[in-house]
Amino acid sequence: MSALRDEIRAILREEIAALRADAAPAAPQTERVRIATGADLNRFAQDLLRRASSPDFAARVMAGAHRFDLDDGARGGTAYSAPIVTGPARTPPGTIDKALITERDIAALGGGVRTLRLGPQNRLTPLARDEARRRGIRIERADR
9 MSALRDEIRA ILREEIAALR ADAAPAAPQT ERVRIATGAD LNRFAQDLLR RASSPDFAAR
69 VMAGAHRFDL DDGARGGTAY SAPIVTGPAR TPPGTIDKAL ITERDIAALG GGVRTLRLGP
129 QNRLTPLARD EARRRGIRIE RADR
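Taking the working numbering, I'd label the letters of the sequence shown as residues 9 to 152.
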């Protein structure tokens with residue numbers, strides 16, 4: 009059984025690599041960040057380190073697909089009072105923002121996750137589905 013799992017993993021690695029090679033590079037996503045003080049810089053660095061624990065986020069930053077730009081702190085002449093880090097919403101717990109979800113992605117979910125919400129573009133590998141079943145995680149599909 010273990011040899012079969014290893015063979016399946018090897019095949020999936022090859023297929024995932026092929027999918028990544030075929031995928032057209034998306035335009036880089038730019039996140040505007042307001043840093044006016046040392047405290048702002050520290051909060052941004054702490055937030056960045058927390059977000060970098062997600063392998064997907066870290067890989068996008070390293071590849072240049074997710075960039076940061078300084079916000080001048082003013083919009084329409086008034087002070088900017090939004091959160092320090094602005095941009096796309098963070099992925100809520102129980103969601104995985106990947107086209108192909110693997111067994112490792114399921115294993116990396118927190119222990120408290122009982123429901124996994126997937127969009128129509130998300131696909132699960134058979135091993136990922138098995139891992140979710142083993143951990144008692146229910147899979148929900150979004151309409152859009």
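Each residue gets a CB set at the ideal place from its N, CA and C atoms; glycine is no exception. Quantities reported herein were computed from a predicted structural model and do not represent experimental measurements.
Run of the alpha helix (DSSP H) containing VAL41, from where it starts to where it stops: Run containing VAL41: none in the alpha helix (DSSP H); it sits in the beta strand (DSSP E), 37 to 41.
Short check: CB of ILE109 to CB of ASN130, under 8 Å? yes
Cβ atoms of LEU126 and GLU148: under 8 Å apart, would you say? yes
Less than 8 Å between the beta carbons of ALA66 and ALA60, yes or no? yes
Helix or strand or just coil, what does DSSP make of ARG146? strand
For ARG125, does the three-state DSSP call read helix, strand or coil? strand
Length of the line joining the Cα atoms of ALA150 and GLY118: 21 Å
Please classify LEU56: does DSSP put it in a helix, a strand, or coil? helix
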